[in-house]
Each structure stands twice: as structure tokens, then as C-alpha cells.
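Asker: This is the structure, below, for whatever I ask next.
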Amino acid sequence: MIITSIPRVGAAGIVILCAVVSAEHAAAGGFYLSQQSVSQVGRGGAGGAVIGGDASVIYSNPAALTTLARPEISLGGSVLMPRVDFEDSGSTATTPGSGGAPAAVGGGDGGNPYDPTFVPNFYLAYPVPGDQLWLGIGVSAPFGIGVKFPKGWFGRYDAIRSELTTVDIAPSLAVKINKYVSVGGGVDIQYAEAYQTAAVPNPFAPGGPGVASDGRSRLEGEDWSVGFNAGILITPVPSTRIGLHYRSGITQDLDGENTISGLTGPLAGGNGRFSAQASLDLPDIVTVAASHAFTPELTLFSEFQWFNWSRYKEIRGEFVDGRADVVLPQNYRDSIAAVLGAEYAVSGDLTVRCGFRYETTPTRDNYRTTTVPDADNYSLGAGLTYTLFENLKLDVAVFGTLWEDTDIDRTDTFFAGTPAETSTTVKARAESRSITAALGLRYLF
1475 MIITSIPRVG AAGIVILCAV VSAEHAAAGG FYLSQQSVSQ VGRGGAGGAV IGGDASVIYS
1535 NPAALTTLAR PEISLGGSVL MPRVDFEDSG STATTPGSGG APAAVGGGDG GNPYDPTFVP
1595 NFYLAYPVPG DQLWLGIGVS APFGIGVKFP KGWFGRYDAI RSELTTVDIA PSLAVKINKY
1655 VSVGGGVDIQ YAEAYQTAAV PNPFAPGGPG VASDGRSRLE GEDWSVGFNA GILITPVPST
1715 RIGLHYRSGI TQDLDGENTI SGLTGPLAGG NGRFSAQASL DLPDIVTVAA SHAFTPELTL
1775 FSEFQWFNWS RYKEIRGEFV DGRADVVLPQ NYRDSIAAVL GAEYAVSGDL TVRCGFRYET
1835 TPTRDNYRTT TVPDADNYSL GAGLTYTLFE NLKLDVAVFG TLWEDTDIDR TDTFFAGTPA
1895 ETSTTVKARA ESRSITAALG LRYLF
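Following this line, the structure appears as C-alpha cells:
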């Protein structure tokens, strides 16, 4: 039997590019990272929309730039140290070679697929003389992945290696309308680059596919896209602030190549390199926050975020050679995050902070992947700012997250519509936790 049309081989790479694009598993819903500045890490991943006080508000609410009295450069980074333990709950492959019956895929548990990852950020804020206009620019990495599993693990048909790098450049401005109201906004110029490999099952391997008979799919893609954000900061009385911020969704149309190798026998004609594109829909994010200074030293804050993950309904892969689109449902649902925290000025040189964060997951059991073993999670952050010299401040923070145990029960189809049609089901239990350590410097002119 010679099979010359195997559209699901190319689809494997498209699935890889979008379905497993996820954040480094470190306190985020779906594949969004909340650690965009060191002070924000110390507050439990929030607070910047109203607390103000440093240039990183460019990311969380540009309107809060009006709280800065001097030009400032902020340079920092977080080291993300997640750990996930998987337990195989009966992953199978159903192929012609298995007689149409589910066969265990075998393989190890994958170990911890995450290495420590450094995520940098940079912000520059400038109050224009006149006390009415502030300018700024921020560079951050709101999405990212760095996952590597052994080639023979039980989830190899879902993913073996996944990498996603994003860079978000955000020129911003803020205007103080009066002593009660400030508004701000910015443009988000975002670059995304993805790389992914996964195994492709051999449909005709006797008894079912195995590591020795697997093929390999590799996909690389990149794109530039543009979004925007806008916010308002209201100060009804000097001790109270209310902030509202909106970040638009961004669609990344990732252009790249899908390389298939290692297919043998009647499938050998499917080996090759294919030009492809896949769309990644990132969510709109709405933030509402409030803070109140109970004393000159003590400020409490709360924050609520809504993520429009329901726009991530499907993965649609398009091939340059004219093959039919590949559509895979993702069915994400909207999620929320809530944070409570405090800052306390111990002295003129030292401020300490903390925050507790609860976040719901947008993922569902039947669509969840091994690279996004997301679940409802709880985080606790703590940090401090210390004035080293008159113009130089040091920010330090730590952030811990614990996810609820979660199940994965995902089925994907390869070689759809051909005599080689194969389905793989990844069934697993995941236990996840993470520690983030952050360090930064701020220079005031």
C-alpha cells in the first residue's frame, strides 16, 4: 500500500506550534507570565496598577507613571524554577498495527522537563517638565517556554521539546488631567519565536508504535504583531488609589517550516520540509485594582484580573502547498486572578512587601497538554526595596506557586482520512510547583 497524501503529518507540527505554546510553568494561567517586574513579583504578581512608585508601571498601568517624580531606569530579571511530576494513567495509541485496539505507548515518566529560566525586563520612565506629561518605554517577556522531555517518554506524541521566546516592546505615555485623574497608554510591539519537536507514531508497527519505529516532527516559526494597552488612575483622596487597565489581545501568525523525518515504508513519502503558518490568539486582559494607605508606612492593595482566554477556541494550521487547513479545538475558557497584598516602609531606605494570589485555569482536561499542565493555583510573593545610594535602589523578591493536581486526557489524530489513520491518547496526572527568585536595580536621575 502506498499512501501519498498524509495531511495529518504536517498537522502534527501545526499542533505543536500552538497547542503547546505555554508559559514557563511559573504562576500563570494558560501561558501568561505575571512576573513582569521585581516589585510585582514581591507583591504576588500584582499591585503595579495602583501602587506605582517605579518605572515598571509601564507594563501594569502606564497611567501610574504620574506617580514618579524623577526619571528612572529599571533593569531586572526573574529566575523561574518550576517542577512538574507526571504519572502515566494509561496513555495509548490506536493504529492499524495494533489491530485497531488501544496499545500502551510505554516509556518513562519524563522527569522534570523544566530547567531554570531567566526572564529579563527593562523600563525607562521620563517625567516631562511641567508635571503633566510622562513618557516611557518597556521591554518585557510576557510569554515563554523551555521544556525538554526524554525522547522515549510516554507523552512523546504530544511533545519532546518546546521553546517559545517573546519580546514585548511598549512605548508609553501618561497624562495627569488633574490631581484626581491620570490616564495612560502604550503600543505593544511583540515578537514571537517558537521551536518544537515531537514524535510521530508509526501506524504499521506490529502491536503498536514504539520509540524505535517513531518518526519525528520539528517545527520552527516566528512573527511580529502589534497590540495596545490603556489605563486610568484615580486618586479620590491622597491615601486612596483606584486603577483600571486594559491590555488588548494579540494574534501571532507564526510563519515557519515543519520538517518530518524518520517515517518508513509506505509513509516514507511524507518525509520532507513543509512551509506552514499557525495562528496563536493571546487574550485580552482587564485589571481592576485599589490601594489605601492606612498610615504613612502601611499600604494595603487588592487586584482582580480577567483573562479573555475564550478567544483561544482552536488551532488553525494553513499549508503553503494548498493542503486543507487543519483545525484542532482548544476550547479555553475565561479565567480570573485575585490578589491581596501589602507594602510597609520600615524606614526611608527600606520598604518590604508581600502578596497572595489565586488564579483559575483556562484549560480543560480533554484539551490540556503535557506542556501546559495547568490548574487552579495559589501563589505567595515577598520582597523588598533597599536604597543602596541616593540614586540607586535594589529590588529583591521571591515567589512560590502551588498548583492543584490536574489530569490530562487528550486525544490527537495522525494521518486523518487515510488507511494509516492513528489516534494517540495521553492520560496522565500532573503535580506542579514553582519558585521564582527576582533581582533588579533602579537608577533615579
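FYI, the numbering for the sequence shown is 1475 to 1919, going by this note's numbering. Glycine is no exception: its CB is placed at the ideal position from the N, C-alpha and C atoms.
Between which residues of its own chain and LYS1625 is the CB-CB distance below 7 Å, once the five residues before and five after are set aside?
Answerer: Only ILE1634, VAL1685 meet the Cβ criterion.
Asker: Any idea what DSSP makes of LEU1647, helix, strand or coil?
Answerer: Reduced to three states, the DSSP call for LEU1647 is strand.
Asker: Leaving out five residues before and five after ALA1497 in sequence, what residues of the same chain have Cβ atoms less than 7 Å from its Cβ?
Answerer: Any reading at ALA1497 needs caution, since the residue's pLDDT is 43, under 50, leaving its predicted position unreliable; the model's value is listed next. Taken in chain order, the residues that qualify are PHE1505, TYR1506, LEU1507, PHE1617, GLY1618, ILE1619.
Asker: Using DSSP with H/G/I as helix, E/B as strand and the rest coil, what is LEU1554?
Answerer: If DSSP states are grouped into helix, strand and coil, LEU1554 belongs with the strands.
Asker: Could you say which of THR1640, GLY1701, GLY1689 lies nearest to VAL1661 if we only look at CA atoms?
Answerer: Of the listed residues, the one whose Cα sits closest to VAL1661 is GLY1701.
Asker: Is the number of C-beta pairs between the segment 1854-1864 and the segment 1818-1828 that are closer than 8 Å three or more?
Answerer: Touching, per the Cβ criterion.
Asker: Round the Cβ separation of VAL1621 and THR1845 to the nearest angstrom and send it over; I've been treating them as touching at under 8 Å.
Answerer: With a Cβ gap of about 5 Å, VAL1621 and THR1845 count as contacting.
Asker: Taking just the CA atoms, how far does ILE1611 sit from TYR1926?
Answerer: Nothing about residue 1926 can be read from this structure; the chain reaches only from 1475 to 1919.
Asker: Quick check on PRO1783: does DSSP put it in helix, strand or coil?
Answerer: Residue 1783 is actually Trp in this sequence, not Pro. Correct three-state label for TRP1783: helix.
Asker: By Cβ distance, which residues of its chain are closer than 7 Å to PHE1768, with the 5 residues on each side in sequence left out?
Answerer: Closer than 7 Å at the Cβ level, and outside the excluded window around PHE1768, lie LEU1774.
Asker: Helix, strand or coil, according to DSSP, for ILE1882 in the structure here?
Answerer: Note: ILE1882 maps to strand in three-state DSSP.
Asker: Can you have a look at TYR1533 and say buried or exposed, based on whether 16 or more other CB atoms are within 10 angstroms of its CB?
Answerer: Buried: at least 16 other Cβ atoms inside 10 Å.
Asker: Between which two residues does the alpha helix (DSSP H) carrying ALA1578 extend?
Answerer: Careful: ALA1578 lies outside any alpha helix (DSSP H), inside the beta strand (DSSP E) at 1576-1578.
Asker: Quick one: residues in its chain with C-beta nearer than 6 Å to the C-beta of ALA1912, no 5 flanking neighbours on either side, listed in chain order?
Answerer: Excluding positions up to five away in sequence, the list reads VAL1512, VAL1515, SER1552, ALA1871.
Asker: Counting Cβ pairs closer than 8 Å, one from the segment 1532-1546 and one from the segment 1827-1838, do we hit at least three?
Answerer: No contact exists between the segment 1532-1546 and the segment 1827-1838.
Asker: Taking a contact to mean a Cβ-Cβ separation below 8 Å, would you say THR1569 touches PRO1645 in this structure?
Answerer: No, the Cβ-Cβ distance between THR1569 and PRO1645 is not below 8 Å.
Asker: List the residues that DSSP assigns as beta-bridge partners of ASN1703.
Answerer: Note: ASN1703 sits in a beta bridge opposite GLY1660, ARG1721.
Asker: Between which two residues does the alpha helix (DSSP H) carrying GLY1522 extend?
Answerer: Segment 1522-1525, the alpha helix (DSSP H) holding GLY1522.
Asker: Are SER1776 and ILE1525 closer than 8 Å when you measure CB to CB?
Answerer: No, these two residues do not count as a Cβ contact at 8 Å.
Asker: Whether or not the segment 1602-1611 and the segment 1549-1566 are in contact is what I'm after, with contact meaning three or more pairs of Cβ atoms, one per stretch, closer than 8 Å; do they touch?
Answerer: Flag = no, the segment 1549-1566 and the segment 1602-1611 do not touch.
Asker: Give the DSSP-derived three-state secondary structure of VAL1495 in the structure shown.
Answerer: Only weak support exists for where VAL1495 lies, its pLDDT of 41 falling under 50; the value from the coordinates is given anyway. Looking at VAL1495 - three-state DSSP - the assignment turns out to be coil, as it is neither helix nor strand.
Asker: Would you call the CB atoms of THR1640 and GLN1664 closer than 8 Å?
Answerer: Yes. Within cutoff.
Asker: Ignore the nearest five residues each way along the sequence and tell me which others in ILE1643's own chain have a CB closer than 6 Å to its CB.
Answerer: The residues are VAL1613, ILE1663.
Asker: Provide the residue span of the beta strand (DSSP E) that contains ALA1532, from first to last.
Answerer: Reading off the sequence, residue 1532 comes out as Ile, not Ala. Note, ILE1532: premise wrong, no beta strand (DSSP E); alpha helix (DSSP H) at 1531-1534.
Asker: Out of LEU1814, GLY1573, ARG1715, point me to the one whose CA is closest to LYS1653's CA.
Answerer: It is ARG1715.
Asker: So, at 6 Å on beta carbons, what are the nonlocal neighbours of GLU1667 in its own chain, with the 5 sequence-adjacent residues on each side left out?
Answerer: Hits under 6 Å: THR1639, GLU1696.
Asker: Throw me the rounded Cβ distance for the GLY1717 and GLY1659 pair, which I believe falls under 8 Å.
Answerer: With 8 Å as the limit, GLY1717 and GLY1659 do not qualify as a contact, their Cβ atoms being about 13 Å apart.
Asker: Just list the residues that DSSP pairs GLY1855 with in beta bridges.
Answerer: Paired residues: GLY1829, PHE1873.
Asker: Using a Cβ-Cβ cutoff of less than 6 Å, which residues in the same chain neighbour VAL1579 once the five nearest sequence positions on both sides are dropped?
Answerer: So the qualifying residues of the chain are SER1565, ALA1567, PHE1628.
Asker: Which of the three DSSP states, helix, strand or coil, is assigned to THR1910?
Answerer: It is a strand residue.
Asker: Thinking C-beta only, is LEU1754 closer than 8 Å to GLN1726?
Answerer: Yes, these two residues count as a Cβ contact at 8 Å.
Asker: Tell me whether ARG1916 is buried or exposed, calling it buried when 16 or more other Cβ atoms sit within 10 Å of its Cβ.
Answerer: With 16 or more other Cβ atoms within 10 Å, it is buried.
Asker: Suppose you measure from the CA of ARG1747 to the CA of PRO1594; what does that come to, to the nearest Å?
Answerer: About 34 Å.
Asker: Spatial neighbours of LEU1854 within its chain, please: CB distance less than 7 Å, with the 5 preceding and 5 following residues excluded, ordered by chain position.
Answerer: Excluding positions up to five away in sequence, the list reads GLY1518, PHE1830, GLY1874.
Asker: Give me the DSSP bridge partner(s) of PRO1601.
Answerer: Paired residues: TRP1608.
Asker: List the endpoints of the continuous alpha helix (DSSP H) containing VAL1515.
Answerer: Start and end: 1512-1516.
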